[in-house]
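Q:
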Amino acid sequence: MLEISIIKVEDPGCLWGRVLKGPGVQGDSPEQYDDLHVKMNLFYHEVDLDVQKVKPTTLEEEQVCVVFCPAMKSWCRATVETLFLGSVRSRAICFLVDYGERIIVSTDDVRAPLEKFLQLPFRLQKFRLARIHPLTLKVSICDETAQLVPSPHWDSSATKYLCNLLQASSLAEAVLCETNANCTAIDLYLTIKNFKICVNDDLVMKKFASFSSEKATVGGEQTDSGDHCPERSPVCLDWDIYSNPDKILKMKGYSTVRPPSSFFLIKNGGHDKFLPRSVKLDTERANGTSLNKPHKSLKTLGPDGSSLDNGEIFNGPETCGAPDAAGSNGFVKSKLKTCILKRSEDTESSLAEQMFQELSMVSHRYCHTPYRLMKFLKPSSHSNLIPKPDEDEQQSEKVSDEMSEKLNDLTLVPHHEEEETALCPGIQRSVDSNEMNGFNVSSTSDTHDTTTELKEPAFCQEPSTTHQLACARLLQLLNPDPLNPDVECLGDGVVGWQRTSSGVLVHTEVPVSPCRSLNRAPITAPFRKFLLKRKYNGPSLAESYFWPPVARGCDALLVRPAGGDHLSYLPALLAQIQLSTVYSTFTTHAGPVAVVLCPGWEKVQCVLELLDQIYPAGTLHPAAVILGLGKDEAKQAKIHNKCQLLVTTPFSLARLLDVHCFLFLRLCHLVLDEVDELYSRAPEQMAAILKHFKNVVSGEGRGACPRQIVAVAGHWVSALENLVQEHMVNPCIIITVPEDAALYGGVHQMILLCLDCSKTSVLLSSLDLSPSVPQKTLIITNSVEEVEHVYKAVSSSAAFCLKVHEGLTYQFDFVVEQWKKDIGPGTQVILVTTNDCLKALCIRDATCVVHYGFPSSPKVFGNRLFCMSHNFRNLSKMYQKGDEGPPPAVRSLLLLSEQCAPHVCGVLRFLRRAGAALPAELLRFAQGVQQAREERKTDRALCGHLKSLGFCRDSTVCPDRHTINQTLDCPLHPESGTILVLPLYIKSANVYFGRIVNQKEDPFETLAAKMCSHYAIQRLFATDVEETGLYAVQEEDVYYRVRVTKVPEREGKLFSSVTAHFVDEGRTQDVKSHQLLVLPPEFQLLPPQAVEIILCRAQPIDGEMDWHPKVTRAISLKIKGKVHQAKVVMCLGNTVWVDPMIRMTRLPGLKAFINEYNVHTEVLATGMGTNNPQHVELLRALCLGEQVSATEQPSNGSDEANLTI
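Numbering (the numbering used here) for the sequence shown: -5 to 1199.
1) Which runs of the alpha helix (DSSP H) at least 4 residues long sit entirely within the region 676 to 750? Give them in chain order.
2) Using alpha carbons as the reference points, say which of 794, 986 and 772 lies closest to residue 763.
3) Please give the ranges of any beta strand (DSSP E) in the region 545 to 575, keeping only runs that are unbroken, at least 3 residues long and fully inside the region.
4) Residue 987 to residue 856, Cα distance in whole Å?
5) For residue 127, which three-state DSSP category applies?
6) Looking at the structure shown, is residue 900 part of a helix, part of a strand, or coil, going by DSSP?
7) Below 8 Å on the Cβ atoms is my guess for residue 853 versus residue 36; work out the distance and round it to an integer in Å.
8) Do residue 622 and residue 1162 have their beta-carbon atoms positioned less than 7 Å apart in this structure?
9) If you follow the beta strand (DSSP E) that residue 24 is part of, which residue opens it and which one closes it?
10) Please state whether DSSP places residue 865 in a helix, a strand or coil.
11) Pick from 947, 565 and 139: whose alpha carbon is nearest that of residue 530?
12) Is the CB-CB distance between residue 1085 and residue 1065 below 7 Å?
13) Rank 740, 923 and 544 by C-alpha distance to the C-alpha of residue 573 and give the top, closest one.
14) According to the neighbour-count rule (16 or more other Cβ atoms, all chains shown, within 10 Å of its Cβ), is residue 883 buried or exposed?
15) Give the range of the beta strand (DSSP E) segment to which residue 646 is assigned.
16) Got a sec, what are the start and stop residues for the alpha helix (DSSP H) residue 620 sits in?
17) Check for me: the alpha helix (DSSP H) holding residue 789 runs from which residue to which?
18) Whole angstroms are fine: how far does the CA of residue 126 sit from the CA of residue 171?
19) Alpha carbons only, please: which of 943, 155 and 965 is nearest the one belonging to residue 1166?
20) Let me make sure I understand the geometry here. Which of 934, 977, 831 and 904 has the alpha-carbon closest to that of residue 955?
21) I'd like the span of the beta strand (DSSP E) that includes residue 1150, first residue to last.
22) On the three-pair Cβ rule with 8 Å, is the region 661 to 676 touching the region 500 to 512?
23) Check whether the Cβ atoms of residue 1080 and residue 1026 lie closer than 7 Å to each other.
24) If you draw a straight line from the C-alpha of residue 849 to the C-alpha of residue 922, how long is it?
25) Who are residue 144's beta bridge partners in DSSP?
26) Three Cβ pairs or more, each shorter than 8 Å: is that satisfied between the region 1113 to 1123 and the region 1139 to 1146?
27) For residue 641, name the three-state secondary structure that DSSP assigns.
28) Using CA coordinates, which residue listed in 839, 813 and 775 is at the minimum distance from residue 860?
29) Residue 1159 and residue 984 look like a contact to me (Cβ under 8 Å); what is the Cβ gap, rounded to whole Å?
30) What did DSSP end up calling residue 600 once you bin it into helix, strand or coil?
31) If contact is defined by three or more beta carbon pairs under 8 Å, each pair taking one atom from either stretch, is the region 155 to 175 in contact with the region 98 to 117?
32) What's the gap between the Cα of residue 143 and the Cα of residue 124?
33) Check this for me: beta carbons of residue 865 and residue 841, under 7 Å apart or not?
34) Applying the 10 Å Cβ sphere with the 16-neighbour rule, what's the burial state of residue 20?
35) Could you check if residue 1138 is buried or exposed, using at least 16 other CB atoms within 10 Å of its CB as the buried criterion?
36) Taking the alpha helix (DSSP H) that residue 158 falls in, what are its first and last residues?
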């Protein structure tokens, strides 16, 4: 069984609840749904939210949407149940799928849900009781019989009884019988005072329902005998069907009751039991009575258990019949009139009341009565809502009030045919059960299948012609063809919509209109086709803002997270060059019109490869130039005459300018890719290049030629300020990184150290409550509790303080309105809020941000600082006399306590870039955190740059190890002396893999000979390839041992490749799996022979970390497969550092040897390498630092090992 919780009961056929426990069922988490509603409130309450973009394009019934519930003060997921469309205002009845409530909202207030808001399933599920069907009591007055017949609706008494059972129960369980998309049929079991009952069977016993298999028999012709009545459950609850929950709990258990055999039961006289009709007839005959007995002798039970006289027959929620108005014997032979009894437990009556009250405001003015307006608006639906007229003439004046209060409170309408003809002549209609409900979404009232005459009350008499015309005009005005006036202004889609302008700083004299689609981007058609072919899904946020100014030829600077993405500027730059520059530059001079500067040779190759792939770029004849330190290399460099786009590095361009400055007289565009890296690596070269560009573009006759500087950076650095102010004209500055925008804006950073228990007092002492200039201070916390605590403390200091958090999202508009009011000098406005509310508030004009809660990451820190973006300095604007002047100074106050330890290092890097004064305690703590992080890397390999160059560019972000591990770094080879090495795999210009050759006996040569002999006789291919397994591979006539490092999934492929490491050569490459040979165990005994050999005192030029491929290729051709003599400097693990490494050749016929070449000299001779004198010293310092730390903390039995390093 499944344990369920019933939240709402509409009727036994519609139960709303959720599953709590059960096999294979994972119960919902309240925290997840609370978090969902917090996110929805923050999104839909956002101050700057474009409402038109989050409205649904169409609104239909059963459509999922998001609406605001005033009672809960929250946005909730809902489904549309009913629509009331009109030309002035349309309304909708929505069902809240997570709460089980219904509300009426305007269609203008309905929002489309984002995809992320629909990931959680609806909290409530719809259930119905299985195997049973509702019954109703059909009364024949002529035959004096009451018969149970199937009904399409449930009695309200059945719903009330089920509600009482649920309130009295302590446990609800269910057995799933049938499941479909909309509803789940269940057998409901309730535990009441240690008794478990089946509600389905109990409703059958109480005559509210019958089993579905009995539906055809119930109400049939065979009702005169109990033989044809199917057997029912013998177990019945002992309490009365109308007992309240408290009364049920006081009663005892259940009893066994045998139900009567007839389906129609009546209560005869004063007896307290129901009798079948056959028994009643026998009793009447015995007493001498006949069917002509007066009508008042027939008694039935009312809802409260009392008898109903005067011929009133109770039939569930309806009463059908007519009194004996004349007082004579017999029944009145007029036709039965259909009506609706009051539904005391109707949960939807309030919805109709709200709707009717609003309609009545208009209807009283034009149609005099709400009923008449409702009849005109929806005649087919409201023709059956017939109120009961009162004989008192004064009561007719209150009909409108009664209708507005209780639309469904309708009772039996006794009348005569003469009255019907006089009041509403000619009105006669078949009653449809669906029309009986009016505005109700679902009905619990029973209806008859017979055709009856309807009676309209006196106040609904046929109106005059004037009233008819007035109502017709009102109908035409209020209810034209259904339409959605907002369809045209809605967006194409809402699911993936996001506010793209959030967190973007744009400073420019010329407004920038971002291009949000590739079709509207300012790029050429061939480039657009090229991007579509590559399945480019842009433009991104940064590109949408940066492409327009670049395409217009403006000076532009972009700071974005991935500053090295060349697509952020290339499409718009090529469009500007092809459509403008090539037609307006000098034709008398040669040379490129645009130069792209990249920080390294790798980026130069990436840009050039992209340009070669683009068809239109072929007309520009792009070229790349990388120059080394060769003596005449710059003089020998040549640039094609048709080249209009040159890609190079600042070092190479500076060398070209020294000898070929006349080649750049046509220069119009200077592109600085990763300009922050350019300034950090080559500040002098950048200064020389910018000076030359300024001289060229300011020369005579250049007035008609474009001039443009395009710069893209990953971070804001101080050198960019000089670039913007000294070399750019009317620049467009776009920054998409909030923390870098704060650095650009000149935010003053202040740090206060305190204990967590004293943060509030330190905060209050840092606030200036009487400033000389107007101040708007934003205090940001990490929780709702902190908001309340800080607000209480600040409010007590007589400061004007506001607060808002996730629980007060409905107050966003009020808070923002108070915040935006103009304030004068000496006024301090303080707002206390949380991180999640910042985006929804859209505050940009704060002058001070106090970080009461420590930001968990630099991104969160930047988002907080961006709340002061309107007061950031603007480097693109030149302030003159008469202007308002620069914005007020902005500052950031960071409170640091002992609780901020886990996140200090991330924010500390930002504070160092900002130039903030860092306390010594903070620096020591950050150093300790960094050491702790390094200790976690003890099982990783030693950093490759640390081994080959002696240093790592940034050890804080490098994933490899930067300390000595005594276990992994234990020397496996000689630590000094001279050895013979055989390089077999050249990884880079100074890092090789090979073998240490033993002149007396080479075990590898012996192994190779044995393997060749073995596989010449027997070749057994591997069938099941496993990772870390040793196998053999044949290349030409040589067999190699390999270790499989990665086995990808076959995915139905006949042939597949695996990644294999050649253990005797050191290289790693892909090998076909069907080429792997089984390696016998005797060939696995020899340890791997590959050794890593590093040549000391050599590094790439121009501050590069990686060697240029042409240097590696030249050294590989020089030394691969040749024995060299090398002097060992040091050894760690399987790595040997050598200096020098010399190729020695023996003179033929002599015992003398000569040095053929020195590998170190050959590396420097390529011009792409330079001397690195600190390499060995840095390595020894690394080992010395490990020895010192080991000496300070010796371990048992390992002191000697530590000292040997």
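In this text, a Cβ means the ideal position worked out from N, Cα and C, and glycines have one as well.
A: To lay it out plainly:
1) 677 to 691, 713 to 721 and 732 to 738
2) As a working note, residue 763 is residue 769 in the sequence shown. Residue 763 has its Cα closest to that of 794, out of 794, 986 and 772.
3) 550 to 553
4) Taking the sequence shown and counting its residues from 1, the one referred to as residue 987 is at position 993. Taking the sequence shown and counting its residues from 1, the one referred to as residue 856 is at position 862. Near 46 Å, if we compare the C-alpha coordinates of residue 856 and residue 987.
5) The residue labelled residue 127 in the question sits at position 133 within the sequence shown. If DSSP states are grouped into helix, strand and coil, residue 127 belongs with the strands.
6) Counting from 1 along the sequence shown, the entry for residue 900 is found at position 906. Residue state, collapsed to three classes: helix.
7) By one-based count along the sequence shown, residue 853 stands at place 859. By one-based count along the sequence shown, residue 36 stands at place 42. In fact, because the Cβ distance is near 17 Å, the residues do not count as touching under 8 Å.
8) Here residue 1162 is taken as the residue at index 1168 of the sequence shown, counted from 1. Here residue 622 is taken as the residue at index 628 of the sequence shown, counted from 1. Yes, the pair counts as a contact, with Cβ atoms nearer than the cut-off.
9) Sequence index remark: in the sequence shown, residue 24 carries index 30 (1-based). That residue, residue 24, is in no beta strand (DSSP E); its alpha helix (DSSP H) goes 24 to 38.
10) Here residue 865 refers to the residue found at position 871 of the sequence shown. Note: residue 865 maps to helix in three-state DSSP.
11) Your numbering for residue 530 matches position 536 in the sequence shown. Closest by alpha carbon: 565.
12) Position 1091 of the sequence shown, counted from the first residue, corresponds to residue 1085. Position 1071 of the sequence shown, counted from the first residue, corresponds to residue 1065. Contact: no.
13) Within the sequence shown, numbered from 1, the residue matching residue 573 stands at position 579. Ranking the options by Cα distance to residue 573, first place goes to 544.
14) Taking the sequence shown and counting its residues from 1, the one referred to as residue 883 is at position 889. Classification for residue 883: exposed.
15) Mapped onto the sequence shown, residue 646 falls at position 652. Segment 644 to 653 is the alpha helix (DSSP H) holding residue 646; no beta strand (DSSP E) there.
16) As a position in the sequence shown, residue 620 is number 626, starting the count at 1. Neither: residue 620 is in no alpha helix (DSSP H) and is coded neither H nor E.
17) The sequence position of residue 789 within the sequence shown is 795, counting from 1. Where residue 789 is concerned, the enclosing alpha helix (DSSP H) stretches over 778 to 789.
18) Along the sequence shown, one-based indexing puts residue 171 at 177. Along the sequence shown, one-based indexing puts residue 126 at 132. Going from the Cα of residue 171 to the Cα of residue 126 covers about 12 Å.
19) Working through the sequence shown from its first residue, we reach residue 1166 at position 1172. Ranking the options by Cα distance to residue 1166, first place goes to 943.
20) As a first step, residue 955 must be located in the sequence shown, where it is residue number 961. If we check each option's Cα against that of residue 955, 934 comes out closest.
21) Position 1156 of the sequence shown, counted from the first residue, corresponds to residue 1150. Taken as a continuous stretch (DSSP letters only), the beta strand (DSSP E) holding residue 1150 covers 1147 to 1152.
22) no
23) For the purposes of this step, residue 1080 is taken as residue 1086 along the sequence shown, with counting starting at 1. For the purposes of this step, residue 1026 is taken as residue 1032 along the sequence shown, with counting starting at 1. The answer is no: Cβ separation not under 7 Å.
24) Your numbering for residue 849 matches position 855 in the sequence shown. Your numbering for residue 922 matches position 928 in the sequence shown. Cα-Cα distance, rounded: 20 Å.
25) Taking the first residue of the sequence shown as position 1, residue 144 is located at position 150. The partner list for residue 144 (beta bridge, DSSP) reads 129.
26) no
27) Along the sequence shown, one-based indexing puts residue 641 at 647. Residue 641 falls in the strand class under three-state DSSP.
28) Taking the first residue of the sequence shown as position 1, residue 860 is located at position 866. Measuring from the Cα of residue 860, the nearest candidate turns out to be 839.
29) Sequence index remark: in the sequence shown, residue 1159 carries index 1165 (1-based). Sequence index remark: in the sequence shown, residue 984 carries index 990 (1-based). About 14 Å; that fails the 8 Å criterion.
30) The residue you call residue 600 lines up with position 606 of the sequence shown. DSSP places residue 600 in helix when its eight states are reduced to three.
31) no
32) What you label residue 143 is simply residue 149 of the sequence shown in a count that begins at 1. What you label residue 124 is simply residue 130 of the sequence shown in a count that begins at 1. Roughly 18 Å separates the two Cα atoms.
33) For the purposes of this step, residue 865 is identified with residue 871 of the sequence shown, where counting begins at 1. For the purposes of this step, residue 841 is identified with residue 847 of the sequence shown, where counting begins at 1. Yes; because the gap between Cβ atoms is below 7 Å, this pair is in contact.
34) Here the question's residue 20 lines up with position 26 in the sequence shown. Residue 20 is exposed by the Cβ-count criterion.
35) In the sequence shown, residue 1138 corresponds to position 1144, counting from 1. Exposed, since its Cβ has fewer than 16 Cβ neighbours within 10 Å.
36) The residue labelled residue 158 in the question sits at position 164 within the sequence shown. That run of the alpha helix (DSSP H) goes 150 to 162.
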